[in-house]
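Down below is the structure, laid out as structure tokens.
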Amino acid sequence: MTQTLSELNINPATATAQDDRTLVIRDLHVVPIADRSREILRGINLEVRQGEVHAIMGRNGSGKTTLAYALMGHPAYEVTSGEVLWKGHDLLKLSPDKRSRLGMFLAFKYPTAIPGLSVASFLRTALNARMRPLDQGNDPAYDPSDLTRGGIKLVEYRKLLREKMALLKLEESFAARYVNEGFSGGEKKRLEMLQMAVLQPNMAILDETDSGLDIDALRIVAEGVNAQLNPDLGVLLITHYQRILNYINPDVVHVLAKGQIVASGGRDLALRLEEEGYAPILREAGLVLDADEERETPEPAEVETAH
Ligand SMILES: Nc1ncnc2c1ncn2[C@@H]1O[C@H](COP(=O)(O)OP(=O)(O)O)[C@@H](O)[C@H]1O
Ligand SMILES: [Mg+2]
54 MTQTLSELNI NPATATAQDD RTLVIRDLHV VPIADRSREI LRGINLEVRQ
104 GEVHAIMGRN GSGKTTLAYA LMGHPAYEVT SGEVLWKGHD LLKLSPDKRS
154 RLGMFLAFKY PTAIPGLSVA SFLRTALNAR MRPLDQGNDP AYDPSDLTRG
204 GIKLVEYRKL LREKMALLKL EESFAARYVN EGFSGGEKKR LEMLQMAVLQ
254 PNMAILDETD SGLDIDALRI VAEGVNAQLN PDLGVLLITH YQRILNYINP
304 DVVHVLAKGQ IVASGGRDLA LRLEEEGYAP ILREAGLVLD ADEERETPEP
354 AEVETAH
């Protein structure tokens with residue numbers, strides 16, 4: 054006699070998860086809310102284990118940022134089908150806040166300065182929110198922002214912050230600065246890396262912008278990530294150009310095109326992309342390229358910026 058999963062009292066989502074250390078993305082389809090008729094992700098399949106670094110490479114407009122946002126639950130995107138399993142949960146059913154509490158991290162961009170809010174207080178609030186247990190609902194007796202009702206103790210926090218700042222070779226004065234006020238591009242990247250180090254995620258999604266990341270910023274990210282690598286941290290590094298992979302060594306490289314992963318391989322795949330561009334690999338994957346796609350965007354030269 055066969056029984057259905059529900060008769061066995063097994064959640065079909067968790068029943069298919071291989072283990073609790075792997076982010077499993079299955080047949081993910083995503084549309085932007087602004088234009089639901091336009092499917093950007095058309096069946097993404099991907100597994101990233103804690104302790105592994107996966108790079109996702111793709112041309113402009115291939116859907117890289119959409120993938121990062123969909124994984125974090127950005128309201129501008131709707132998942133129309135597929136599932137994402139993480140630590141026994143169907144991630145897509147959880148709020149962005151709960152995803153973060155489950156150890157997912159997306160490097161958030163704070164384009165505007167927050168005068169009066171120091172880096173140290175900003176990160177402490179973020180850490181308290183992240184450490185809130187998942188099953189802790191809106192218990193009024195527990196408020197991590199209130200020292201008397203939970204949250205990390207100030208002495209402990211100072212110690213943690215000092216450790217992480219040392220790890221990232223940051224000067225102590227950085228913690229006292231106001232969030233993003235007068236920050237250079239490189240300093241914004243330093244803040245992102247410090248935020249990641251303080252939050253200690255189990256799965257970090259880093260979406261490197263296709264342009265504007267100069268070699269200085271790129272090294273900050275690479276050195277920041279490398280300093281933090283550990284067996285509990287999985288990294289999904291999203292990038293248009295392979296040059297960041299000169300500094301961060303990925304275990305697996307995936308190529309995203311037309312909303313799907315069309316090729317996966319080792320570091321050699323990234324090197325091949327650098328040499329040949331995307332067109333040959335996309336053609337091999339059976340994709341028909343239009344004239345525009347046949348043209349290659351050259352990798353930018355590595356130019357040092359003035360400090
Ligand atoms: N919020 C949105 N509304 C409408 N179209 C979008 C939205 N976000 C992304 N797109 C479109 O989806 C495609 C993929 O975008 P994106 O994920 O940003 O690609 P990438 O990061 O690889 O450059 C692009 O053609 C883009 O114009
Ligand atoms: Mg992008």
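Residue numbers (the numbering used here): 54 to 360. Don't be surprised by glycine CBs; every beta carbon is placed ideally from N, CA and C.
Top-ranked residue by Cα proximity to residue i, from the options
i	options	result
isoleucine 86	Glu347, Ala228 and Gly126	Gly126
aspartate 73	Asp88, His82, Ser317 and Val137	Val137
glycine 287	Arg79, Met157 and Glu131	Met157
aspartate 269	Ala250, Gly238 and Gln313	Gly238
alanine 108	Glu276, Asp150 and Tyr294	Tyr294
isoleucine 141	Leu76, Tyr331 and Arg89	It should be pointed out that residue 141 corresponds to glycine in this sequence rather than to isoleucine. The candidate whose alpha carbon is nearest that of glycine 141 is Leu76.
glycine 104	Gln253, Leu309 and Leu335	Gln253
glutamate 337	Val308, Val83 and Leu120	Val308
glycine 96	Leu81, Asp188 and Gly169	Leu81
methionine 249	Asp267, Gly169 and Glu276	Glu276
proline 186	Gly204, Arg112, Gln281 and Met110	Gly204
leucine 326	Val106, Asn299 and Asp150	Asn299
tyrosine 130	Arg112, Pro149, Asp143 and Gly169	Pro149
valine 305	Leu159, Leu99, Gln281 and Thr119	Leu99
threonine 292	Asp321, Ile258, Ile273 and Asn279	Ile258
proline 128	Val83, Arg154, Val101 and Leu170	Val83
isoleucine 297	Lys311, Asn279, Gly312 and Ala310	Asn279
leucine 155	Arg183, Gly135, Leu322 and Thr133	Arg183
leucine 159	Thr133, Leu120 and Leu94	Leu120
leucine 271	Ile301, Arg79, Phe175 and Ala179	Ile301
leucine 94	Glu328, Ala179, Val132 and Met110	Val132
isoleucine 273	Gly135, Leu180, Glu240 and Asn255	Glu240
phenylalanine 236	Asp88, Ile167 and Arg320	Ile167
arginine 102	Asp321, Asp343 and Leu289	Leu289
Residue span of the beta strand (DSSP E) that contains residue i, given as start and end
i	result
glutamine 103	Taken as a continuous stretch (DSSP letters only), glutamine 103 belongs to no beta strand (DSSP E), as it is neither H nor E.
arginine 177	Arginine 177 -> not in any beta strand (DSSP E); alpha helix (DSSP H) instead, spanning 172-184.
valine 131	Rather than valine, the amino acid found at residue 131 in this sequence is glutamate. First-last of the beta strand (DSSP E) with glutamate 131: 130-139.
aspartate 80	75-85
glutamate 317	According to the sequence provided, residue 317 is serine. The question's glutamate does not apply to it. Unbroken beta strand (DSSP E) run through serine 317: 313-318.
alanine 257	256-260
leucine 147	Taken as a continuous stretch (DSSP letters only), leucine 147 belongs to no beta strand (DSSP E), as it is neither H nor E.
alanine 310	305-310
leucine 286	Neither: leucine 286 is in no beta strand (DSSP E) and is coded neither H nor E.
Residue i - containing alpha helix (DSSP H), residue span
i	result
glycine 339	Premise fails: glycine 339 is in no alpha helix (DSSP H) and is neither H nor E.
glutamine 28	With the chain running from 54 to 360 in the structure shown, residue 28 is simply not present.
isoleucine 93	Here isoleucine 93 belongs to no alpha helix (DSSP H), and DSSP marks it neither H nor E.
leucine 159	Note, leucine 159: premise wrong, no alpha helix (DSSP H); beta strand (DSSP E) at 157-159.
aspartate 269	268-281
alanine 121	117-125
alanine 229	No alpha helix (DSSP H) holds alanine 229; DSSP gives it neither H nor E.
lysine 212	207-220
Buried/exposed call for residue i, threshold 16 Cβ in 10 Å
i	result
aspartate 260	buried
threonine 165	exposed
glutamate 225	exposed
serine 90	exposed
glutamate 347	exposed
proline 303	buried
arginine 152	buried
phenylalanine 339	One point to set straight first is that residue 339 is glycine, not phenylalanine, in the sequence displayed. Exposed, because fewer than 16 other Cβ atoms sit within 10 Å of the Cβ of glycine 339.
arginine 112	buried
lysine 117	buried
tyrosine 177	The question names tyrosine, but residue 177 is arginine in the sequence shown. Flag for arginine 177 reads buried.
aspartate 345	exposed
lysine 146	exposed
serine 115	buried
arginine 243	buried
glutamate 245	buried
leucine 207	exposed
alanine 229	exposed
glycine 312	buried
valine 172	buried
Residue i Cβ short of 7 Å to ligand 3 heavy atom set
i	result
proline 85	In the structure shown, ligand 3 is absent; the only ligands present are ligand 1 and ligand 2.
Residues passing the C-beta test against ligand 2 heavy atoms, cut-off 5 Å: Lys117 and Thr118
Determine, using beta-carbon pairs with one atom in the region 211-222 and one in the region 109-128, whether at least three such pairs fall under 8 Å. no
Inter-stretch contact at 8 Å, needing at least 3 Cβ pairs: the region 270-289 / the region 308-323: no
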